[in-house]
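Notes to accompany the following structure.
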Amino acid sequence: MTGALQALVPQAKLLNADHRMFQVLHLVSEYAWCSMHHELCRICTALDDDDFALASRLLGRTVGLGELPVQTVRLLQTSFSQASFLNMRDLLMPNSTGLDSPGRRNLRRVCTAVWRAFEAALARHGVSHRDLIEESGRLEGPMPDARLAALAEVRNGIHLLDCKSMEWNQLHLRLVRSHIGGHPAARSDDASDRAGEPLSMRGAPISTLERLAEHSLFPGLWRSVDETYQRASRPAAEGGN
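Spelled out as structure tokens, the structure:
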């Protein structure tokens, strides 16, 4: 714990009264993402071992950890003024934004491995995403195979984790807009005016963050949602013809 505290800026070097809280909240997020990475590696192993009950429990833990970075952004949103942030901004380290966090980048990488392990498990047991979606919506009928039910719970956990990650993305975008600028309502149609648009701490136009706000850790999950909708809609469309 002493080593963790050593990561804090010494009192004499604080940029202003908000700097301590700003750094602590970023460290909380970093530690949370590191812990999530650890759990996601365990989830990969559990999926490879067909221990779907364990994978599901670990996903629940990971989603809970994902709430910590969400809450840090909420605190920044409600506790920091734009004036205070801009006072610190030019003096902060380049990686002071969560988007440049090593923990956040590693999270994206390990989630790719989790998805591969999950799809390999589906292939081993002859289960489709449609099977899992239908099982998740089942309110009656015969009890399914235990592996199907367990894999459906794993899929639900992955869904909740991705939603929690996108919640952070959306809140982060809202925070940036309220403390730096770049809200769509303020944009001008005049190209000369757009040249002066606010830049994020990464040096990119705020508008580029809008694409990242919809970034998914598990894009294959959402493709399966679209495919299920298309299959369900096709008979109705054909009947209309």
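Each residue of the sequence shown is one higher than the last, beginning at 1 in the UniProt record's numbering.
Beta carbons are placed, not taken as given, at the ideal position from N, Cα and C, and that holds for glycine.
Rounded C-beta distance between residue i and residue j? I'm assuming under 8 Å.
i    : j    : result
E39  : R74  : 22 Å between Cβ atoms; not a contact.
A53  : I43  : Their Cβ separation, rounded to whole angstroms, is 12 Å, which puts A53 and I43 out of contact at 8 Å.
L175 : Q71  : Between Q71 and L175 the Cβ distance is about 13 Å, and since that is not below 8 Å, they are no contact.
D50  : A121 : 7 Å
Beta-carbon within less than 6 Å of residue i's beta-carbon, same chain only, minus the 5 sequence neighbours each way: which residues are those?
i    : result
G103 : E30, W33 and C34
In whole angstroms, what is the alpha-carbon distance linking residue i and residue j?
i    : j    : result
V154 : S79  : 36 Å
E210 : L161 : 20 Å
I180 : P10  : 26 Å
H125 : D226 : 23 Å
S136 : T112 : 23 Å
P219 : G141 : 31 Å
S81  : L212 : 24 Å
R130 : D90  : 50 Å
V110 : F118 : 12 Å
D145 : T45  : 22 Å
L47  : V28  : 28 Å
With residue i as the anchor, note down where its alpha helix (DSSP H) starts and where it stops.
i    : result
I133 : H129 to S136
L54  : F52 to S79
V176 : A146 to H179
V110 : P102 to R124
Q11  : Neither: Q11 is in no alpha helix (DSSP H) and is coded neither H nor E.
L25  : H19 to D48
M88  : Q82 to R89
Quick one: what's got a C-beta closer than 7 Å to residue i's C-beta in the same chain, skipping five residues either side?
i    : result
H159 : L221
Near residue i, what residues of its chain come up, given a Cβ to Cβ distance below 8 Å and the 5 sequence neighbours on each side ignored?
i    : result
R177 : H183 and I206
Please classify residue i as buried or exposed, where buried requires at least 16 other C-beta atoms within 10 Å of its C-beta.
i    : result
C163 : exposed
V63  : buried
V114 : buried
A152 : buried
N16  : exposed
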